[in-house]
Structures are given as C-alpha cells and as structure tokens.
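As you go down the protein sequences, you meet chains A and B in turn. Per my numbering, residue 40 is the first one in the first sequence, and the count goes up by one each step. Per my numbering, residue 40 is the first one in the second sequence, and the count goes up by one each step. Built from N, CA and C at the ideal position, the CB exists for glycine as well.
Number of protein chains: 2
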Amino acid sequence: MYADISTAVAPKLETAGLAMCRGLAHQATSRIMAVSAMQKYQPGECLFSEGDDADGIYEITGGMLRLYKLLPDGRRQITGFLGAGQVLGLAPEGTHIYTAEAIAPVTVCRYARAALDRLLDDVPGLARRLLSVTSHELRAAQDQMLLLGRKAAGEKVASFLLLMARHQGDGADGIFIPMARGDIADYLGLTTETVSRTFTKLKLAGVIALPTPNHVDIPDRRRLEDAANGTDG
Amino acid sequence: MYADISTAVAPKLETAGLAMCRGLAHQATSRIMAVSAMQKYQPGECLFSEGDDADGIYEITGGMLRLYKLLPDGRRQITGFLGAGQVLGLAPEGTHIYTAEAIAPVTVCRYARAALDRLLDDVPGLARRLLSVTSHELRAAQDQMLLLGRKAAGEKVASFLLLMARHQGDGADGIFIPMARGDIADYLGLTTETVSRTFTKLKLAGVIALPTPNHVDIPDRRRLEDAANGTDG
DNA sequence: CGCAAACTTGATGTTGCTCAAGCTAGGTGG
DNA sequence: CCACCTAGCTTGAGCAACATCAAGTTTGCG
Numbered sequence: 040m041y042a043d044i045s046t047a048v049a050p051k052l053e054t055a056g057l058a059m060c061r062g063l064a065h066q067a068t069s070r071i072m073a074v075s076a077m078q079k080y081q082p083g084e085c086l087f088s089e090g091d092d093a094d095g096i097y098e099i100t101g102g103m104l105r106l107y108k109l110l111p112d113g114r115r116q117i118t119g120f121l122g123a124g125q126v127l128g129l130a131p132e133g134t135h136i137y138t139a140e141a142i143a144p145v146t147v148c149r150y151a152r153a154a155l156d157r158l159l160d161d162v163p164g165l166a167r168r169l170l171s172v173t174s175h176e177l178r179a180a181q182d183q184m185l186l187l188g189r190k191a192a193g194e195k196v197a198s199f200l201l202l203m204a205r206h207q208g209d210g211a212d213g214i215f216i217p218m219a220r221g222d223i224a225d226y227l228g229l230t231t232e233t234v235s236r237t238f239t240k241l242k243l244a245g246v247i248a249l250p251t252p253n254h255v256d257i258p259d260r261r262r263l264e265d266a267a268n269g270t271d272g
Numbered sequence: 040m041y042a043d044i045s046t047a048v049a050p051k052l053e054t055a056g057l058a059m060c061r062g063l064a065h066q067a068t069s070r071i072m073a074v075s076a077m078q079k080y081q082p083g084e085c086l087f088s089e090g091d092d093a094d095g096i097y098e099i100t101g102g103m104l105r106l107y108k109l110l111p112d113g114r115r116q117i118t119g120f121l122g123a124g125q126v127l128g129l130a131p132e133g134t135h136i137y138t139a140e141a142i143a144p145v146t147v148c149r150y151a152r153a154a155l156d157r158l159l160d161d162v163p164g165l166a167r168r169l170l171s172v173t174s175h176e177l178r179a180a181q182d183q184m185l186l187l188g189r190k191a192a193g194e195k196v197a198s199f200l201l202l203m204a205r206h207q208g209d210g211a212d213g214i215f216i217p218m219a220r221g222d223i224a225d226y227l228g229l230t231t232e233t234v235s236r237t238f239t240k241l242k243l244a245g246v247i248a249l250p251t252p253n254h255v256d257i258p259d260r261r262r263l264e265d266a267a268n269g270t271d272g
C-alpha cells in the first residue's frame, strides 16, 4: 500500500549529474569525478565518526542518513538528516565534528579530501560551490538553534514536519517519515514520548493524519505552519 | 578598579592586519582593502537586520556584537556573540538570515559584497579564506545545537563561561562579561532569572567568583569544565 | 540625590521528563 | 497458516526543572 523506505527516501536524483559539480564546466566535472568513488552503507553503518580524520567529502546520491554529536554520558543531539543531493564532510580542522550514520540504505559519492583540496585552487568555481554548500548548512543550523532554544514541543514537531514536506518536494499532501521517533526526538531536543504525544495531539486537533506511524498527511498546510510558529491558538 | 567595556572587549587585534586577508599575498590584500571601508556602531545599533539585502561583508576590528533571530511573537534566539577578528555577513541567498547589533561600541571593516564577489575568482586563496570562516561558524553552530538541545541549565552556563574564557585568551583567571543577563539567556535558551540563579549556584559551589556582575573569576578551570559536561556530581 | 536599568531572590505554575505499562506490526519458525 | 517474539510506538501517572510573576536590591548616571 505504501512505498517502502528505499524508494521513498531517494526521490529524485538529478539525472544530469552530481550536486558537487552543479554549474561547473564539463572539464571541471571530469577532473572532480576522477578523484571520486561510489560507496554503499546499510542502516546503522557509519560513514565516519566524530573525531575521525576528515579524509573524505561525501555527496549523497540516495537514501538518508543522520548526523549527530554525543555528550560523554551518551546524550545525543542529531544536527541534521541528509538526503539525495546533499554534501557532507567538509571539516575545517581536518577532523570530523559529528558522526554520520545511515538510516535507510545509502549510496554516496566519496571525494578524496587531499585531491579535492588540490583542485580547489585549480578548478574555477569549485571553491564557490563548496562555499555555497557550507553556507546552506550554516543557514539550516541557525534555524535549528532558534527551534531548539525558543520553540515549544508542538512548534518543534510542526516545524519538523514542514521541513520533511519541503524536503520531499512539497507536491502531495502525504509525506514519508524515514526515521524513528527517537531520532526525531534527538533532533528536536525532546524525548521519544513527547514526540509521540505531540503527534497524537496534532492528529486529534485535525492538523495531520497518521495512516501509519511513518506516513503523515497534511490536509491543511497553513494550519501546520501556524502551529510551527506559535501563530495558532 | 576594573577595565571598562571598550578596552576589555577589544583585546588584541593583530597588528599585522585584518583577518579577512590572513595568509594572503600582499597584492591580494591591497585589492581587498580597495573595496573596504571602516565603520563604527554604538551599543544597540544594527549593522543589518534579518531579511535585509546582503550587500556587505563585515570584519570586526573592535568591540562586540550579538547576532540573533526572532520569532513572530518576539521570542529571540541569539546565535552568537562576535568580537575582534571575526567575520560576518556571508549570506548564501543574498539576504541576511539574522540581525547583527552592537553590544559594546564596535568598529568594523566593511567589504562591498559585489566587489568582493568579483575578487573571488581572481584573488588566489580568498575563496579558501571565506570557506574557512564559514566552516568555523558552522562548527560553532553545531556545538551550540548540542548545548541547546541536550544540556541542562547549569551545563549551559558553565559552557558559556568557558567559551568566554577561551575567547579572551585563556590567560588570566578573570574574565569580563560584556553582555547582559538577558542576552546570555537568549543565547542559551533560558530566561534571565534562570541565568542569574545559575550564576549564584556556581558561586555558592565555589566554582566561580563574581566580584561584579560583569566579572567572573575561575579559580579552578577543571571544575568548570566538569560542570559544562555534566561530568561532575 | 533621585531615577532607571539591570540584577537578584522568592513563590508559584507548567511543560516536558522519567518510569512503567500496554499496544501494534513485521518477521520467524513450527 | 498461525503463534510467538521483538522493536518501535503509544499512553498513563508522578515529578523535576525551568518558566512566570512579583518584589526587592544594586549600580551607574543625570
């Protein structure tokens, strides 16, 4: 009845090519591809961990993964969920500052860091491309700080659902939630129980429908947006 | 008895020059300086606001400012405090995503965005320099997400004090706090009252001393670090 | 000296966490 | 094909941390 995870979370890889090379000349593209390799990861597998040497940069071509940081006692903060077309692993100090782990089966294109670094001075537009990637990550991080520091549970969950909807192309009412409640909780700074209760409240209020725990229908986008900003009752 | 704000928060501008040009050739430096201008802002004045066209990039040469985002109902999240040597205003979509406002009297060097953008393809190393700036911001943002989402009030305040200490050169025990309790609260996702009470608790526990509300002494750095990670009792 | 802004402290309230128990669906083996 | 088992989700009851509301107190400035 519903699409399974592997098809649902890898919706639309641009047939034209990889995001890393978007807007670059053909010759630049082929030089970049020369230092790349495709890899696959199963759910639960790590691409790299916090503290590892950052010797690779990755672009996701399919699937979904979570990025997170841990405190010494095991508390976890998920800093982002990444899907097809997104780039990760650009570490400033040569060391990864978060762990990257597959949620759904992931395929990535891996670029050797040292080689890419050498191309940086050489390939026109590449640095600008990477700057754009990092700036977008930064923008997302700042939105998330506002959410974590100042939004109430209901607003957090509503914001999360809107993010997922936007991420899945905004077209249909129905969105697929590939991650577990515990992952959502660690992303929003809540507990599993609070996330679950908040889903139930939104359902009872008629703002969303939950045909299965992993599928959310949004009959009225506007009401969800109000819930996300506290602009509702 | 204590240094006033203007001297205390502008400790050590590299005499050699501006951070923007760090590591660049002399000729590159002069081309960058050609598109720059010095400006001053008094406490409370805005360099730019969330949503404004991003037509300038700024480097702080002295003073301190706060960056923040607002929710429609006025709740505020401060995403960072910036001091001498830090760069801001690199907006991905041509629109600023936060407001930048002076806390202490600020002097900045402003680079016209369009001009700097043109230099990007032209001046070797400049793109790399900006990439490094953005990557550091991103790293700070991710640390802050962990703090906002998963740390308790005591851990948040202790982390903040360590950040301030690091920022001020780590040398002496005494650090100067140029911002108000309300600013600290909006940075840590707390209220003014909770910040104040938490200072008092740390003082009573002997972890810090508070000779004035704006001066903190840290007799034992290690204990404060434990408090910041929840590694203490 | 008086005022305003910022800080501190206290009393009370609410949100979301903790602990604990059922529920549901998917997968496995008889 | 069905019973069982497990992992993840949901629900409930009680509680703790932090917010809110409301005074005081201190500090710097005109």
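Cβ-Cβ distance between residue i and residue j below 8 Å
i	j	result
alanine 192 of chain B	leucine 263 of chain B	no
leucine 170 of chain B	leucine 169 of chain A	yes
tyrosine 97 of chain B	leucine 106 of chain B	no
aspartate 225 of chain A	glutamine 116 of chain A	yes
glycine 90 of chain A	threonine 118 of chain A	no
isoleucine 223 of chain A	phenylalanine 199 of chain A	yes
leucine 185 of chain B	lysine 240 of chain A	no
histidine 206 of chain A	glycine 122 of chain A	yes
alanine 166 of chain A	alanine 166 of chain B	yes
alanine 267 of chain A	valine 246 of chain A	no
Contacts around residue i, its chain only, beta-carbon distance under 6 Å, and the 5 residues preceding and following it disregarded
i	result
glycine 269 of chain B	Glu194
glycine 221 of chain A	Thr231
aspartate 256 of chain B	Asp212, Gly213 and Ala248
alanine 154 of chain A	Val74
glycine 228 of chain A	Leu187
cysteine 60 of chain A	Thr68 and Ile71
Contacts that residue i makes with chain A (C-beta to C-beta distance below 7 Å)
i	result
serine 174 of chain B	Leu129, Pro131 and Thr173
threonine 270 of chain B	Pro111
Heavy atom of the ligand GDP within 7 Å of residue i beta-carbon
i	result
cysteine 148 of chain B	Judged by which ligands are present, the structure shown has none, so any question about the ligand GDP falls away.
Status (buried if at least 16 other CB within 10 Å, exposed otherwise) for residue i
i	result
aspartate 212 of chain A	exposed
threonine 100 of chain A	buried
leucine 243 of chain B	exposed
glycine 272 of chain A	exposed
proline 217 of chain B	buried
glycine 62 of chain A	exposed
threonine 251 of chain B	exposed
glutamine 66 of chain A	exposed
glycine 102 of chain A	buried
Listed by chain order, chain A residues near residue i by CB distance under 8 Å
i	result
arginine 152 of chain B	By Cβ distance, chain A contributes nothing, its closest Cβ being about 13 Å from arginine 152 of chain B, past 8 Å.
Other residues of its chain near residue i: CB distance less than 8 Å, five sequence neighbours each side excluded
i	result
alanine 64 of chain A	Pro163 and Gly164
methionine 77 of chain A	Thr100, Thr146, Val147, Cys148 and Arg149
histidine 254 of chain B	Tyr41, Gly213, Ile214, Phe215 and Ile216
threonine 173 of chain B	Leu129
tyrosine 137 of chain A	Glu89, Leu106, Tyr107, Lys108 and Thr118
Cβ neighbours of residue i in the same chain (closer than 7 Å, five flanking residues each side left out)
i	result
glycine 188 of chain B	none
arginine 152 of chain A	Ala93, Asp94, Gly95 and Ile96
methionine 203 of chain B	Ile214 and Ile216
threonine 237 of chain A	Ala192, Gly193 and Val196
lysine 190 of chain A	Ser198
Neighbour list for residue i in chain B, Cβ cutoff strictly below 8 Å
i	result
arginine 167 of chain A	Leu159, Asp160 and Ala166
glutamine 116 of chain A	Met184, Leu185, Gly188 and Arg189
glycine 228 of chain A	Leu187, Gly188 and Arg189
Neighbour list for residue i in chain B, Cβ cutoff strictly below 7 Å
i	result
alanine 180 of chain A	Leu177, Ala180, Gln181 and Met184
tyrosine 137 of chain A	Gln181
Proximal residues of chain B, C-beta to C-beta of residue i below 9 Å
i	result
leucine 170 of chain A	Leu129, Pro131, Leu159, Ala166, Leu169, Leu170 and Thr173
lysine 108 of chain A	Gln181, Asp182, Met184, Leu185 and Arg189
Chain-ordered chain A contacts of residue i [CB-CB under 9 Å]
i	result
proline 163 of chain B	Asp160
Determine, using beta-carbon pairs with one atom in the region 82 to 89 of chain A and one in the region 139 to 156 of chain A, whether at least three such pairs fall under 8 Å.
Short answer: they touch.
Three or more C-beta pairs under 8 Å: does that hold for the region 66 to 76 of chain B against the region 175 to 186 of chain B?
Taking one beta carbon from each stretch, the region 66 to 76 of chain B and the region 175 to 186 of chain B have fewer than 3 pairs nearer than 8 Å; the two do not touch.
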